[in-house]
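All remarks here apply to the structure that follows.
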Amino acid sequence: MSGQLVFPWECRDKEDQAWVAYNYPLRRTNQLLTEENLRLKRILRENGISWSPLAKAHLAQNDPTRRKTRSSGAGPSDSASLFLPTEVLLRVLKFAMKSDHPIIDPLSATTPEHLTEEEKKRGHQIAIHFLATNKALNAEGTRFLWESNHFVFTTPQALRNFSELSSQYRHKIMHVNLRVVARYYDDQRRKHKLERYYHTDLKKDHPLKVHMRPKESPLVRGGFRCYTWNQLIDFFLALRAPYDPAYKDKKTPRPRLLPSLSSLRIDLVNFSDSLLPFSGSELHEVASHELGCTLNELQVTGMPFDDVGMKASAELSGLVKDEGLYLDAAASFIANSKGLQSLRGDNWCARVIRAYKDLKDEMEEEGLGLAGEDGEDGEVGEHFHLHSFEGYHKVGTLPAAPAEDGHPLSTRDEKRVIWKKVPIARDADKRTWVQFSRINGYEIEDSAWDSDDDRICPCCGDSHPSSSMLELMSDMSE
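Numbers 1 to 478, taken from the UniProt record's numbering, label the letters of the sequence shown in order.
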(Lines of atoms letter the chains of each structure in order from A and count residues from 1; the text may use other names and numbers.)
(Lines give C-alpha, C1' and ligand atoms only; values in the text may rest on other atoms or scores of the structure.)
Protein backbone atom coordinates (compact mmCIF):
# COMPACT_ATOMS: atom_id res chain seq x y z
CA MET A 1 0.00 0.00 0.00
CA SER A 2 2.94 2.36 0.59
CA GLY A 3 3.71 2.65 -3.13
CA GLN A 4 0.12 3.29 -4.18
CA LEU A 5 -0.92 6.90 -4.74
CA VAL A 6 -4.21 7.55 -2.97
CA PHE A 7 -6.15 10.80 -3.48
CA PRO A 8 -8.31 12.15 -0.63
CA TRP A 9 -12.00 12.96 -0.65
CA GLU A 10 -12.82 16.53 0.33
CA CYS A 11 -15.23 16.52 3.29
CA ARG A 12 -15.82 17.84 6.79
CA ASP A 13 -14.82 15.42 9.52
CA LYS A 14 -17.70 14.34 11.77
CA GLU A 15 -15.59 13.96 14.91
CA ASP A 16 -14.14 17.45 14.63
CA GLN A 17 -17.62 18.87 14.05
CA ALA A 18 -18.92 16.99 17.09
CA TRP A 19 -16.14 18.50 19.23
CA VAL A 20 -17.06 22.03 18.13
CA ALA A 21 -20.78 21.40 18.72
CA TYR A 22 -20.04 20.05 22.20
CA ASN A 23 -17.86 22.96 23.29
CA TYR A 24 -19.89 25.84 21.88
CA PRO A 25 -22.91 25.34 24.23
CA LEU A 26 -20.48 25.19 27.16
CA ARG A 27 -19.00 28.51 26.12
CA ARG A 28 -22.44 30.09 25.91
CA THR A 29 -23.46 28.65 29.28
CA ASN A 30 -20.27 30.01 30.83
CA GLN A 31 -21.07 33.45 29.45
CA LEU A 32 -24.56 33.38 30.99
CA LEU A 33 -23.15 32.29 34.36
CA THR A 34 -20.56 35.08 34.23
CA GLU A 35 -23.26 37.69 33.57
CA GLU A 36 -25.35 36.32 36.43
CA ASN A 37 -22.33 36.37 38.75
CA LEU A 38 -21.71 40.02 37.93
CA ARG A 39 -25.32 40.89 38.71
CA LEU A 40 -25.12 39.13 42.08
CA LYS A 41 -21.86 40.90 42.94
CA ARG A 42 -23.43 44.25 42.12
CA ILE A 43 -26.34 43.52 44.47
CA LEU A 44 -23.93 42.53 47.25
CA ARG A 45 -21.79 45.61 46.68
CA GLU A 46 -24.82 47.93 46.77
CA ASN A 47 -25.81 46.44 50.13
CA GLY A 48 -22.30 46.59 51.60
CA ILE A 49 -21.79 42.84 51.73
CA SER A 50 -18.34 41.45 50.89
CA TRP A 51 -17.86 38.19 48.98
CA SER A 52 -14.06 37.93 49.15
CA PRO A 53 -11.10 39.43 51.09
CA LEU A 54 -10.43 41.83 48.19
CA ALA A 55 -14.04 42.97 48.14
CA LYS A 56 -14.00 43.40 51.91
CA ALA A 57 -10.91 45.63 51.73
CA HIS A 58 -12.44 47.63 48.89
CA LEU A 59 -15.67 48.19 50.80
CA ALA A 60 -13.80 49.15 53.93
CA GLN A 61 -11.72 51.70 52.04
CA ASN A 62 -14.81 53.32 50.53
CA ASP A 63 -16.92 53.20 53.73
CA PRO A 64 -18.20 56.78 54.31
CA THR A 65 -18.50 56.16 58.07
CA ARG A 66 -14.84 55.17 58.40
CA ARG A 67 -12.64 57.72 60.20
CA LYS A 68 -10.20 59.34 57.79
CA THR A 69 -6.53 59.70 58.76
CA ARG A 70 -3.64 61.36 57.02
CA SER A 71 -2.05 58.00 56.21
CA SER A 72 -5.22 56.35 54.94
CA GLY A 73 -6.68 59.31 53.12
CA ALA A 74 -4.01 59.73 50.47
CA GLY A 75 -2.21 56.67 49.17
CA PRO A 76 0.50 56.54 46.53
CA SER A 77 -2.04 55.78 43.80
CA ASP A 78 -4.12 58.83 44.69
CA SER A 79 -1.14 61.18 44.63
CA ALA A 80 0.03 59.72 41.34
CA SER A 81 -3.34 60.19 39.68
CA LEU A 82 -3.39 63.83 40.77
CA PHE A 83 -0.12 64.74 39.07
CA LEU A 84 -0.09 62.42 36.00
CA PRO A 85 -1.63 64.23 33.01
CA THR A 86 -4.42 62.53 31.10
CA GLU A 87 -2.39 62.63 27.88
CA VAL A 88 0.41 60.65 29.56
CA LEU A 89 -2.06 58.13 30.97
CA LEU A 90 -3.55 57.53 27.53
CA ARG A 91 -0.12 57.16 25.96
CA VAL A 92 0.88 54.59 28.58
CA LEU A 93 -2.44 52.79 28.09
CA LYS A 94 -2.02 52.67 24.32
CA PHE A 95 1.49 51.27 24.72
CA ALA A 96 0.22 48.64 27.18
CA MET A 97 -2.55 47.52 24.80
CA LYS A 98 -0.31 47.26 21.71
CA SER A 99 1.26 43.88 21.00
CA ASP A 100 4.51 43.51 19.06
CA HIS A 101 3.11 40.36 17.44
CA PRO A 102 -0.29 39.48 15.99
CA ILE A 103 -2.82 38.21 18.52
CA ILE A 104 -3.83 34.65 17.64
CA ASP A 105 -7.45 33.50 18.03
CA PRO A 106 -8.71 36.38 20.21
CA LEU A 107 -11.69 35.50 22.46
CA SER A 108 -10.94 31.78 21.90
CA ALA A 109 -8.58 29.18 23.23
CA THR A 110 -5.58 28.71 20.95
CA THR A 111 -4.92 25.38 19.22
CA PRO A 112 -1.31 24.31 19.97
CA GLU A 113 -0.94 22.36 16.72
CA HIS A 114 -1.67 25.57 14.81
CA LEU A 115 1.19 27.49 16.45
CA THR A 116 4.93 27.60 15.93
CA GLU A 117 7.33 26.97 18.81
CA GLU A 118 8.11 30.68 18.95
CA GLU A 119 4.43 31.58 19.19
CA LYS A 120 3.90 29.06 22.00
CA LYS A 121 6.65 30.70 24.08
CA ARG A 122 5.49 34.30 23.75
CA GLY A 123 3.09 34.27 26.67
CA HIS A 124 1.22 37.48 27.56
CA GLN A 125 1.76 40.21 24.99
CA ILE A 126 -0.42 42.98 26.41
CA ALA A 127 -1.00 44.36 29.94
CA ILE A 128 -4.67 43.39 30.01
CA HIS A 129 -4.95 44.23 33.75
CA PHE A 130 -5.01 47.93 32.85
CA LEU A 131 -8.63 47.43 31.80
CA ALA A 132 -9.62 46.58 35.39
CA THR A 133 -8.35 49.91 36.78
CA ASN A 134 -11.52 51.96 36.32
CA LYS A 135 -14.33 52.50 33.82
CA ALA A 136 -12.59 55.29 31.90
CA LEU A 137 -9.41 53.30 31.32
CA ASN A 138 -11.47 50.22 30.52
CA ALA A 139 -13.37 52.05 27.78
CA GLU A 140 -10.29 53.67 26.25
CA GLY A 141 -8.12 50.58 26.67
CA THR A 142 -10.67 48.30 25.02
CA ARG A 143 -10.82 50.63 22.04
CA PHE A 144 -7.01 50.72 21.78
CA LEU A 145 -6.86 46.93 22.08
CA TRP A 146 -9.05 46.25 19.04
CA GLU A 147 -7.88 49.19 16.93
CA SER A 148 -4.10 48.90 17.44
CA ASN A 149 -3.44 45.16 16.98
CA HIS A 150 -3.37 42.63 14.18
CA PHE A 151 -5.30 39.38 14.54
CA VAL A 152 -4.76 35.84 13.26
CA PHE A 153 -7.52 33.24 13.18
CA THR A 154 -6.55 29.58 12.90
CA THR A 155 -10.00 27.91 13.03
CA PRO A 156 -13.42 28.86 11.62
CA GLN A 157 -14.87 28.54 15.13
CA ALA A 158 -12.42 31.13 16.50
CA LEU A 159 -13.58 33.52 13.78
CA ARG A 160 -17.24 32.82 14.59
CA ASN A 161 -16.57 33.44 18.30
CA PHE A 162 -15.26 36.87 17.33
CA SER A 163 -18.88 37.88 16.69
CA GLU A 164 -19.27 38.09 20.49
CA LEU A 165 -17.23 41.30 20.32
CA SER A 166 -19.33 44.44 20.12
CA SER A 167 -19.91 45.74 16.58
CA GLN A 168 -18.51 49.17 17.59
CA TYR A 169 -15.05 47.52 17.73
CA ARG A 170 -15.44 45.04 14.88
CA HIS A 171 -16.39 47.63 12.30
CA LYS A 172 -13.01 49.39 12.69
CA ILE A 173 -10.90 46.31 11.86
CA MET A 174 -9.58 46.58 8.29
CA HIS A 175 -7.13 43.66 8.05
CA VAL A 176 -7.02 40.10 9.43
CA ASN A 177 -4.99 36.96 8.76
CA LEU A 178 -6.60 33.55 8.21
CA ARG A 179 -4.32 30.57 8.86
CA VAL A 180 -5.89 27.54 7.17
CA VAL A 181 -4.12 24.36 8.29
CA ALA A 182 -5.15 21.43 6.09
CA ARG A 183 -6.38 18.37 7.97
CA TYR A 184 -6.12 14.85 6.57
CA TYR A 185 -7.87 11.70 7.80
CA ASP A 186 -7.53 8.02 6.98
CA ASP A 187 -9.00 4.75 8.22
CA GLN A 188 -6.00 2.70 7.05
CA ARG A 189 -2.33 2.75 8.06
CA ARG A 190 -0.83 4.33 4.97
CA LYS A 191 2.08 6.71 4.50
CA HIS A 192 1.29 10.02 2.83
CA LYS A 193 3.93 12.60 2.00
CA LEU A 194 4.15 16.25 1.15
CA GLU A 195 6.52 16.60 -1.78
CA ARG A 196 9.82 18.41 -1.23
CA TYR A 197 8.96 20.99 -3.89
CA TYR A 198 6.26 22.30 -1.51
CA HIS A 199 8.94 24.78 -0.43
CA THR A 200 12.61 25.36 -1.17
CA ASP A 201 13.46 24.88 2.53
CA LEU A 202 12.56 21.18 2.25
CA LYS A 203 15.41 18.90 1.20
CA LYS A 204 13.24 15.78 0.98
CA ASP A 205 9.62 14.67 1.07
CA HIS A 206 7.89 15.60 4.31
CA PRO A 207 5.65 13.08 6.14
CA LEU A 208 2.07 14.31 5.96
CA LYS A 209 0.27 14.59 9.28
CA VAL A 210 -2.81 12.32 9.10
CA HIS A 211 -5.46 11.78 11.79
CA MET A 212 -6.53 8.15 12.10
CA ARG A 213 -10.24 7.35 12.20
CA PRO A 214 -11.93 3.95 12.62
CA LYS A 215 -13.62 2.35 9.64
CA GLU A 216 -17.34 2.87 9.38
CA SER A 217 -20.17 1.35 7.36
CA PRO A 218 -19.37 0.75 3.68
CA LEU A 219 -22.12 3.26 2.85
CA VAL A 220 -20.16 6.00 4.65
CA ARG A 221 -17.46 7.49 2.45
CA GLY A 222 -14.22 6.63 4.22
CA GLY A 223 -10.65 6.10 3.13
CA PHE A 224 -8.28 9.02 2.76
CA ARG A 225 -10.09 12.30 3.38
CA CYS A 226 -9.10 15.96 3.62
CA TYR A 227 -10.55 19.13 5.08
CA THR A 228 -9.00 21.85 2.94
CA TRP A 229 -11.23 23.81 0.56
CA ASN A 230 -14.23 23.16 2.80
CA GLN A 231 -12.26 24.62 5.69
CA LEU A 232 -11.53 27.73 3.65
CA ILE A 233 -15.24 27.95 2.86
CA ASP A 234 -16.06 27.68 6.57
CA PHE A 235 -13.73 30.61 7.27
CA PHE A 236 -15.53 32.69 4.66
CA LEU A 237 -18.95 31.70 5.98
CA ALA A 238 -17.85 32.91 9.42
CA LEU A 239 -17.42 36.37 7.87
CA ARG A 240 -21.15 36.52 7.21
CA ALA A 241 -23.30 38.93 9.17
CA PRO A 242 -23.73 37.55 12.71
CA TYR A 243 -27.12 37.78 14.33
CA ASP A 244 -27.50 40.96 16.35
CA PRO A 245 -30.70 41.31 18.39
CA ALA A 246 -30.03 45.05 18.77
CA TYR A 247 -30.10 45.62 15.01
CA LYS A 248 -33.52 47.13 14.22
CA ASP A 249 -33.10 48.39 10.65
CA LYS A 250 -35.32 46.13 8.54
CA LYS A 251 -34.62 47.92 5.24
CA THR A 252 -30.89 47.21 4.99
CA PRO A 253 -28.96 43.96 5.47
CA ARG A 254 -27.10 43.40 8.70
CA PRO A 255 -23.40 44.32 8.42
CA ARG A 256 -20.92 41.47 8.03
CA LEU A 257 -18.65 40.29 10.82
CA LEU A 258 -15.96 42.77 9.71
CA PRO A 259 -17.78 45.47 7.71
CA SER A 260 -14.64 47.55 7.03
CA LEU A 261 -12.40 44.66 6.01
CA SER A 262 -10.38 45.84 3.01
CA SER A 263 -7.24 43.68 3.20
CA LEU A 264 -7.00 39.94 3.90
CA ARG A 265 -4.11 37.50 4.16
CA ILE A 266 -4.69 33.76 3.84
CA ASP A 267 -1.89 31.36 4.82
CA LEU A 268 -2.61 27.91 3.39
CA VAL A 269 -0.66 25.25 5.30
CA ASN A 270 0.04 21.71 3.95
CA PHE A 271 -2.07 22.24 0.84
CA SER A 272 -0.46 19.56 -1.32
CA ASP A 273 0.36 20.17 -4.99
CA SER A 274 -0.54 16.61 -5.99
CA LEU A 275 -3.19 15.25 -3.61
CA LEU A 276 -6.01 17.77 -3.35
CA PRO A 277 -9.26 17.48 -5.32
CA PHE A 278 -10.76 20.43 -7.20
CA SER A 279 -12.75 22.91 -5.14
CA GLY A 280 -16.51 22.69 -5.55
CA SER A 281 -19.10 25.26 -6.52
CA GLU A 282 -19.54 26.38 -2.89
CA LEU A 283 -16.17 28.17 -2.90
CA HIS A 284 -17.20 30.12 -5.99
CA GLU A 285 -20.57 30.93 -4.45
CA VAL A 286 -19.19 32.45 -1.27
CA ALA A 287 -16.02 34.06 -2.70
CA SER A 288 -17.49 35.55 -5.88
CA HIS A 289 -21.03 36.29 -4.74
CA GLU A 290 -21.56 36.54 -0.98
CA LEU A 291 -18.20 38.24 -0.37
CA GLY A 292 -17.48 39.23 -3.96
CA CYS A 293 -15.66 42.50 -4.73
CA THR A 294 -15.19 43.51 -1.08
CA LEU A 295 -11.37 43.64 -0.76
CA ASN A 296 -8.81 46.13 -2.03
CA GLU A 297 -6.03 43.58 -1.53
CA LEU A 298 -5.79 39.82 -1.05
CA GLN A 299 -2.58 38.02 -0.01
CA VAL A 300 -2.36 34.24 -0.37
CA THR A 301 0.56 31.99 0.60
CA GLY A 302 0.87 28.25 0.07
CA MET A 303 -1.52 27.96 -2.88
CA PRO A 304 -0.77 24.79 -4.92
CA PHE A 305 0.77 25.46 -8.34
CA ASP A 306 -1.18 22.75 -10.16
CA ASP A 307 -4.52 23.01 -11.97
CA VAL A 308 -6.35 22.60 -8.66
CA GLY A 309 -4.54 25.60 -7.23
CA MET A 310 -5.03 27.68 -10.35
CA LYS A 311 -8.79 27.09 -10.18
CA ALA A 312 -8.93 27.98 -6.48
CA SER A 313 -6.84 31.09 -7.13
CA ALA A 314 -9.31 32.15 -9.79
CA GLU A 315 -12.19 31.67 -7.36
CA LEU A 316 -10.44 33.66 -4.61
CA SER A 317 -9.80 36.56 -6.96
CA GLY A 318 -13.56 37.10 -6.92
CA LEU A 319 -13.09 38.58 -3.43
CA VAL A 320 -11.07 41.45 -4.90
CA LYS A 321 -12.56 44.62 -6.34
CA ASP A 322 -11.91 45.79 -9.89
CA GLU A 323 -8.33 47.11 -10.05
CA GLY A 324 -7.57 45.49 -6.70
CA LEU A 325 -4.27 43.76 -5.89
CA TYR A 326 -3.82 39.98 -5.67
CA LEU A 327 -0.56 38.76 -4.11
CA ASP A 328 0.65 35.16 -4.26
CA ALA A 329 3.71 33.66 -2.53
CA ALA A 330 5.22 30.40 -1.37
CA ALA A 331 4.00 28.75 1.82
CA SER A 332 4.68 30.45 5.16
CA PHE A 333 4.38 27.29 7.28
CA ILE A 334 4.50 23.53 7.17
CA ALA A 335 2.64 21.41 9.74
CA ASN A 336 4.26 18.51 11.57
CA SER A 337 3.41 16.38 14.59
CA LYS A 338 4.47 19.06 17.12
CA GLY A 339 2.94 22.11 15.46
CA LEU A 340 3.93 24.50 12.70
CA GLN A 341 7.37 25.23 11.33
CA SER A 342 8.03 28.62 9.78
CA LEU A 343 9.40 28.71 6.24
CA ARG A 344 11.55 31.41 4.74
CA GLY A 345 9.78 34.11 2.79
CA ASP A 346 10.29 35.25 -0.76
CA ASN A 347 8.93 37.98 -3.00
CA TRP A 348 5.27 38.27 -3.88
CA CYS A 349 3.95 37.47 -7.32
CA ALA A 350 1.55 40.37 -7.82
CA ARG A 351 -1.18 41.07 -10.33
CA VAL A 352 -4.04 43.53 -10.59
CA ILE A 353 -7.52 42.05 -10.89
CA ARG A 354 -9.63 43.36 -13.79
CA ALA A 355 -7.04 46.05 -14.52
CA TYR A 356 -8.37 46.55 -18.03
CA LYS A 357 -11.46 48.42 -16.75
CA ASP A 358 -10.45 51.85 -18.14
CA LEU A 359 -9.24 50.28 -21.41
CA LYS A 360 -12.34 48.29 -22.29
CA ASP A 361 -13.58 50.66 -25.01
CA GLU A 362 -10.07 51.09 -26.45
CA MET A 363 -9.48 47.33 -26.50
CA GLU A 364 -12.76 46.72 -28.29
CA GLU A 365 -11.85 49.34 -30.91
CA GLU A 366 -8.53 47.55 -31.49
CA GLY A 367 -10.28 44.19 -31.79
CA LEU A 368 -8.91 42.87 -28.52
CA GLY A 369 -12.05 41.12 -27.29
CA LEU A 370 -12.23 39.95 -23.71
CA ALA A 371 -12.11 36.29 -22.86
CA GLY A 372 -15.41 34.62 -23.42
CA GLU A 373 -16.61 37.35 -25.84
CA ASP A 374 -14.83 35.98 -28.92
CA GLY A 375 -14.89 32.55 -30.47
CA GLU A 376 -17.41 29.78 -30.08
CA ASP A 377 -17.79 27.22 -27.33
CA GLY A 378 -15.11 28.94 -25.22
CA GLU A 379 -12.31 28.27 -27.75
CA VAL A 380 -10.31 31.33 -26.74
CA GLY A 381 -10.15 30.50 -23.05
CA GLU A 382 -9.00 26.95 -23.71
CA HIS A 383 -5.67 28.10 -25.16
CA PHE A 384 -4.53 30.01 -22.10
CA HIS A 385 -3.55 29.62 -18.51
CA LEU A 386 -6.59 29.62 -16.21
CA HIS A 387 -5.64 32.55 -14.02
CA SER A 388 -4.68 34.66 -17.07
CA PHE A 389 -8.33 35.24 -17.84
CA GLU A 390 -10.06 34.88 -14.50
CA GLY A 391 -10.14 38.65 -14.10
CA TYR A 392 -11.64 39.35 -17.52
CA HIS A 393 -15.16 38.71 -16.29
CA LYS A 394 -16.07 42.31 -15.49
CA VAL A 395 -18.43 42.87 -12.60
CA GLY A 396 -18.66 46.62 -13.15
CA THR A 397 -21.65 47.23 -10.89
CA LEU A 398 -19.55 47.73 -7.75
CA PRO A 399 -16.94 50.46 -7.08
CA ALA A 400 -13.34 49.72 -7.99
CA ALA A 401 -10.47 49.71 -5.52
CA PRO A 402 -9.38 53.29 -4.75
CA ALA A 403 -6.50 54.63 -6.80
CA GLU A 404 -3.18 55.03 -4.98
CA ASP A 405 -1.76 58.54 -5.30
CA GLY A 406 1.83 59.72 -5.18
CA HIS A 407 3.29 57.23 -7.67
CA PRO A 408 6.18 58.16 -10.00
CA LEU A 409 5.70 58.97 -13.66
CA SER A 410 5.72 56.10 -16.12
CA THR A 411 7.72 55.96 -19.33
CA ARG A 412 4.71 54.32 -20.99
CA ASP A 413 1.26 55.52 -21.87
CA GLU A 414 -0.33 56.36 -18.53
CA LYS A 415 -3.66 54.97 -19.74
CA ARG A 416 -2.10 51.54 -20.23
CA VAL A 417 -0.49 51.21 -16.79
CA ILE A 418 -1.77 51.14 -13.25
CA TRP A 419 0.40 51.80 -10.20
CA LYS A 420 0.23 49.85 -6.95
CA LYS A 421 2.32 49.75 -3.79
CA VAL A 422 3.56 46.19 -3.30
CA PRO A 423 5.37 44.77 -0.21
CA ILE A 424 9.08 44.29 -0.90
CA ALA A 425 8.97 40.77 0.60
CA ARG A 426 6.41 38.24 1.80
CA ASP A 427 6.56 39.22 5.47
CA ALA A 428 7.67 42.84 5.10
CA ASP A 429 5.63 45.94 5.92
CA LYS A 430 7.66 48.23 3.69
CA ARG A 431 6.22 48.74 0.20
CA THR A 432 7.47 50.00 -3.11
CA TRP A 433 5.78 51.37 -6.22
CA VAL A 434 5.23 48.88 -9.04
CA GLN A 435 3.51 49.50 -12.37
CA PHE A 436 1.24 46.91 -13.95
CA SER A 437 -0.08 46.48 -17.45
CA ARG A 438 -3.79 47.18 -17.81
CA ILE A 439 -3.96 44.65 -20.65
CA ASN A 440 -3.24 41.55 -18.55
CA GLY A 441 -2.75 42.88 -15.01
CA TYR A 442 0.86 41.69 -14.59
CA GLU A 443 3.92 43.66 -13.54
CA ILE A 444 5.82 45.65 -16.16
CA GLU A 445 9.55 45.08 -15.88
CA ASP A 446 11.49 48.09 -17.19
CA SER A 447 12.43 48.06 -20.87
CA ALA A 448 11.80 44.36 -21.25
CA TRP A 449 8.16 45.27 -21.77
CA ASP A 450 8.62 47.85 -24.51
CA SER A 451 6.66 45.39 -26.63
CA ASP A 452 3.71 43.52 -25.18
CA ASP A 453 5.38 40.12 -25.50
CA ASP A 454 4.45 37.20 -23.31
CA ARG A 455 5.94 37.22 -19.85
CA ILE A 456 6.96 34.24 -17.76
CA CYS A 457 4.91 34.20 -14.59
CA PRO A 458 7.08 33.72 -11.46
CA CYS A 459 4.18 31.91 -9.76
CA CYS A 460 3.55 29.15 -12.25
CA GLY A 461 6.37 29.34 -14.79
CA ASP A 462 3.95 29.71 -17.74
CA SER A 463 3.61 32.60 -20.14
CA HIS A 464 0.57 34.85 -20.15
CA PRO A 465 -1.01 36.37 -23.27
CA SER A 466 -0.02 39.85 -24.34
CA SER A 467 -2.14 42.26 -26.34
CA SER A 468 -0.59 40.99 -29.59
CA MET A 469 -1.46 37.42 -28.67
CA LEU A 470 -5.01 38.44 -27.78
CA GLU A 471 -5.31 40.16 -31.13
CA LEU A 472 -4.03 37.06 -32.90
CA MET A 473 -6.53 34.81 -31.14
CA SER A 474 -9.29 37.31 -31.83
CA ASP A 475 -8.49 37.17 -35.55
CA MET A 476 -8.40 33.40 -35.46
CA SER A 477 -11.80 33.23 -33.79
CA GLU A 478 -13.31 35.36 -36.54
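Glycine included, every Cβ here is placed at the ideal spot set by N, Cα and C.
As computed with DSSP, His175 is found in a beta bridge with Ser263. Looking at the DSSP output, Arg351 sits in a beta bridge with Tyr326, Tyr442.
In the DSSP assignment, Ile334 falls within the unbroken beta strand (DSSP E) covering 333-335. Taking the Cα positions, Thr154 is about 37 Å away from Ile439. A straight line joining the alpha-carbon of Leu398 with that of Lys120 spans about 42 Å. Under the 10 Å beta carbon count, Arg170 is surrounded by 16 or more other beta carbons and is classified as buried. Rounded to the nearest whole angstrom, the C-alpha separation of Leu298 and Ser317 is 8 Å. For Arg160, same chain residues with a beta-carbon under 6 Å away, outside a window of 5 residues either side, are Ala238 in chain order. Shown here, Met97 sits in a helix according to DSSP, grouped into three states. Taking the CA atoms as reference points, Ser50 sits about 5 Å from Lys56. Sequence-distant Cβ neighbours of Lys41 in its own chain, meaning closer than 7 Å and more than five residues away, are Trp51.
With a threshold of 16 other beta carbon atoms within 10 Å, Gln231 meets it and is buried.
Going by beta carbons, Gly406 and Val352 fall outside the 7 Å limit. Of the candidates Asp306, Lys311, Ser163, Glu323, Glu323 places its Cα closest to the Cα of Thr294.
Judged by beta-carbon spacing, Gly141 lies beyond the 7 Å limit of Phe151, meaning their Cβ atoms are not closer than that value. DSSP places Ile126 outside both helix and strand once states are collapsed to three, so it counts as coil. In the structure shown, Gln31 falls within a helical segment according to DSSP collapsed to helix, strand and coil. Note on geometry: alpha-carbon atoms of Ala350 and Pro259 lie some 25 Å from one another.
In this structure the region 239-250 does not lie against the region 208-219, because fewer than three pairs of beta carbons, one per stretch, are closer than 8 Å.
Cβ neighbours of Glu147 within its own chain (closer than 7 Å, five residues either side excluded): Lys172. In the structure shown, the three-state DSSP call for Thr142 is helix. Rounded to the nearest whole angstrom, the CA to CA distance from Pro8 to Phe224 is 5 Å. In this chain, Tyr169 is not harboured by any beta strand (DSSP E); it is covered by the alpha helix (DSSP H) spanning 167-170. Contact check for Leu178 and Phe95: beta-carbon distance about 28 Å, past the 8 Å limit, so the pair fails to qualify. Between the alpha carbons of Ser167 and Leu107 lies a distance of about 14 Å. Asp186: member of the beta strand (DSSP E) spanning 183-186, first to last residue.
Residue nearest to Pro255 within the set Ala60, Phe162, Ala241 is Ala241 (criterion: CA-CA distance). Secondary structure at His211: strand, using DSSP grouped into helix, strand and coil.
The region 335-343 makes no contact with the region 305-319, as fewer than three CB pairs between them are under 8 Å.
By the beta-carbon neighbour count (other beta carbons within 10 angstroms, threshold 16), Lys311 is buried.
In the three-state reduction of the DSSP assignment, His206 falls in the strand class. Judged by their CB atoms, Asp205 and Lys193 are nearer to each other than the 7 Å cut-off.
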